[in-house]
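*Asks:*
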Amino acid sequence: MVAHKSEQEGQEPQDGFSRAMDRSRPQCISRIGPQETLFENSYQRLYKVSVELGTITKEIFVTDYGERVGVIVEGFQGILLTRQYRHLIDRISWEIPGGKVDLDEGVEDAAQRECLEETGILCRELKPLLMFHPGLDTLYNPTHLFHTRTFEEKTAPERIHRDEVCGQEWVPLEKCIAMISSQIMVDSLSVIALLSYNAFIQRK
Numbered sequence: 002m003v004a005h006k007s008e009q010e011g012q013e014p015q016d017g018f019s020r021a022m023d024r025s026r027p028q029c030i031s032r033i034g035p036q037e038t039l040f041e042n043s044y045q046r047l048y049k050v051s052v053e054l055g056t057i058t059k060e061i062f063v064t065d066y067g068e069r070v071g072v073i074v075e076g077f078q079g080i081l082l083t084r085q086y087r088h089l090i091d092r093i094s095w096e097i098p099g100g101k102v103d104l105d106e107g108v109e110d111a112a113q114r115e116c117l118e119e120t121g122i123l124c125r126e127l128k129p130l131l132m133f134h135p136g137l138d139t140l141y142n143p144t145h146l147f148h149t150r151t152f153e154e155k156t157a158p159e160r161i162h163r164d165e166v167c168g169q170e171w172v173p174l175e176k177c178i179a180m181i182s183s184q185i186m187v188d189s190l191s192v193i194a195l196l197s198y199n200a201f202i203q204r205k
């Protein structure tokens, strides 16, 4: 019986989970074609790409929004939430501060900037919470979440981006979770961030 290469070199063979975490391109992909841009502005790019999977060719339309960030700011009164109008649900949405990462901007800097612009609060000592992809085929929008309990009010209320944000409020974490359960809060970035924070940070 011939041992696997990892066994021959004195290394432990990979288990199923380790193999699933292997980031190399799978053998079933024979070719990825060039990207053809169909639409582009300062916020997004829509492009088409062909991917050959063995004998099958998939034509994929990808919306590329670039990276985005979100930050959970927790104070004595609870979690900092903003209120913003969202067209697809045609109502006010409760959300954590967050938004798009600008060109040549670090993700932590972007989280600080977005929170300052939306709430007038400057976050400090940001700690990573979670990174995830909201889509893996047709949406490119890698999302980086942070959390902090260190902040200061930095911007006068009249300088907050009121064209985007119509209000803000400190809400206890337990109430935030109840808002998710009752579908009052439905923004995916905020839902994932708050559930993760409740599971990973608060319950330690």
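Mapping to our numbering: the sequence shown position 38 is 39, numbers consecutive. Backbone N, C-alpha and C define an ideal beta-carbon position, used for all residues, glycine too. Note that the coordinates shown come from a computational prediction; the quantities given were computed from them, not determined experimentally.
Say whether the region 67-79 touches the region 133-152, bearing in mind that this needs 3 or more beta-carbon pairs closer than 8 Å, one atom from each stretch.
*Replies:* With a cut-off of 8 Å, the region 133-152 and the region 67-79 count as touching, because enough Cβ pairs lie within range.
*Asks:* Using 8 Å as the Cβ pair cut-off and three pairs as the minimum, do the region 51-60 and the region 112-120 touch?
*Replies:* no
*Asks:* Pull the bridge partners of V124 from the DSSP assignment, please.
*Replies:* Residue identity differs from the one stated: residue 124 is Cys in this sequence, not Val. C124 pairs with F152.
*Asks:* For F77, name the three-state secondary structure that DSSP assigns.
*Replies:* coil
*Asks:* What did DSSP end up calling L89 once you bin it into helix, strand or coil?
*Replies:* Here L89 sits in coil by DSSP.
*Asks:* Going by C-alpha distance, which of F133, V108, I185, G136 is nearest R84?
*Replies:* I185
*Asks:* Pull the bridge partners of R114 from the DSSP assignment, please.
*Replies:* The partner list for R114 (beta bridge, DSSP) is empty, contrary to what the question assumes.
*Asks:* Is V102 helix, strand or coil by DSSP?
*Replies:* Of the three classes helix, strand and coil, the one that applies to V102 here is coil, per DSSP.
*Asks:* Checking 8 Å against the spacing of the C-beta atoms, do T139 and V63 come in under that value?
*Replies:* yes
*Asks:* Would you say I178 touches the ligand GDP, meaning its beta carbon is less than 7 Å from a heavy atom?
*Replies:* As far as ligands go, the structure on display features none, and thus does not contain the ligand GDP.
*Asks:* Using DSSP bridges, identify the partner residues of P129.
*Replies:* The secondary-structure analysis by DSSP pairs P129 across a beta bridge with F147.
*Asks:* Excluding the five sequence neighbours on either side, which residues of its own chain have a C-beta within less than 7 Å of the C-beta of S104, listed in chain order?
*Replies:* Per the sequence presented here, residue 104 reads as Leu, with Ser not at that position. Contacts found: none.
*Asks:* Shortest alpha-carbon distance to K155 belongs to which of P173, T120, F40?
*Replies:* T120
*Asks:* Between the region 79-96 and the region 41-49, are three or more C-beta pairs nearer than 8 Å?
*Replies:* no
*Asks:* Run through DSSP, which three-state label would S183 get?
*Replies:* coil
*Asks:* Alpha carbon to alpha carbon, how far is R92 from C177?
*Replies:* 18 Å
*Asks:* Taking the C-alpha atoms as reference points, what is the distance between W95 and V187?
*Replies:* 8 Å
*Asks:* Using 8 Å for Cβ pairs, my map puts L130 next to A194. What's the rounded Cβ distance?
*Replies:* 7 Å
*Asks:* When DSSP builds the beta bridges, which residues end up paired with F1?
*Replies:* For residue 1 there is no data in the structure shown, the boundaries of the chain being 2 and 205.
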